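Colleague: One structure, as structure tokens, below. Some questions next.
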Ligand SMILES: [Zn+2]
């Protein structure tokens, strides 16, 4: 720990600096700790530090997070596109335009409904889906950073 006045090294929990004689009250010590906020991950609109997890408009205090995990969800769109695709194949034999239209629609829905990954944060007020993204690596990276922040705190 560093004295905020003379920057000399002092013992953790000291109430008076042995170098310059300054009194160190609790508020000042808390400020020192905030200054020493360690950054684990920064990305587009996302920041994970030893104190906070900031995602777009939300900020979570690391000390309020008990655990973090990855959720994944496949969109219902895959099922819908299979149904439309089969419908398209049937109607191809009767009305060609409708059949082709349905098959194209199925392909569009299928492409746009790929798997998504979610950062699920457990706090004392319950589970929160903090962030959802198609990029699995990005989500894994954020979860790892939050875990490091939780470990760092404890
Ligand atoms: Zn000092």
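In this note's numbering, the protein residues as written are 5 to 158. All C-beta atoms, glycine included, are put in the ideal place defined by N, C-alpha and C. Model, not experiment: these values are computed from the prediction.
Skipping 5 residues on each side, what residues in its chain have a beta carbon closer than 6 angstroms to that of residue 109?
Modeller: Counting from 1 along the chain shown, the entry for residue 109 is found at position 105. Taken in chain order, the residues that qualify are 88.
Colleague: Which of the three DSSP states, helix, strand or coil, is assigned to residue 156?
Modeller: Taking the first residue of the chain shown as 1, we reach residue 156 at position 152. In this structure, residue 156 counts as helix in the three-state DSSP scheme.
Colleague: Figure out for me which residue from 100, 61, 92 has the closest Cα to the Cα of residue 107.
Modeller: Sequence index remark: in the chain shown, residue 107 carries index 103 (1-based). Considering only alpha carbons, the answer is 92.
Colleague: Spatial neighbours of residue 10 within its chain, please: C-beta separation below 6 angstroms, excluding the five flanking residues on both sides.
Modeller: Translated into the one-based positions of the chain shown, residue 10 becomes position 6. Closer than 6 angstroms at the Cβ level, and outside the excluded window around residue 10, lie 23, 24.
Colleague: Looking at ligand 1, does it come within less than 6 angstroms of residue 26, judged from the CB to the closest heavy atom?
Modeller: Position 22 of the chain shown, counted from the first residue, corresponds to residue 26. Yes, ligand 1 has a heavy atom inside 6 angstroms of this Cβ.
Colleague: Does the distance from the C-beta atom of residue 133 to that of residue 124 stay below 7 angstroms?
Modeller: Against the chain shown, residue 133 aligns to sequence position 129. Against the chain shown, residue 124 aligns to sequence position 120. Result yes, Cβ atoms of residue 133 and residue 124 sit closer than 7 angstroms.
Colleague: Please list the terminal residues of the continuous beta strand (DSSP E) segment that includes residue 76.
Modeller: Counting from 1 along the chain shown, the entry for residue 76 is found at position 72. DSSP places residue 76 inside the beta strand (DSSP E), whose first and last residues are 69 to 77.
Colleague: Hey, would you say residue 120 sits closer than 7 angstroms to residue 77, going by beta carbons?
Modeller: Residue numbering aside, residue 120 sits at position 116 when the chain shown is read from its first letter. Residue numbering aside, residue 77 sits at position 73 when the chain shown is read from its first letter. A contact, by the Cβ cut-off of 7 angstroms.
Colleague: Which value, in whole angstroms, describes the spacing of the CA atoms of residue 57 and residue 141?
Modeller: Position 53 of the chain shown, counted from the start, is the residue given in the question as residue 57. Position 137 of the chain shown, counted from the start, is the residue given in the question as residue 141. Spanning the two alpha carbons is a distance of roughly 18 angstroms.
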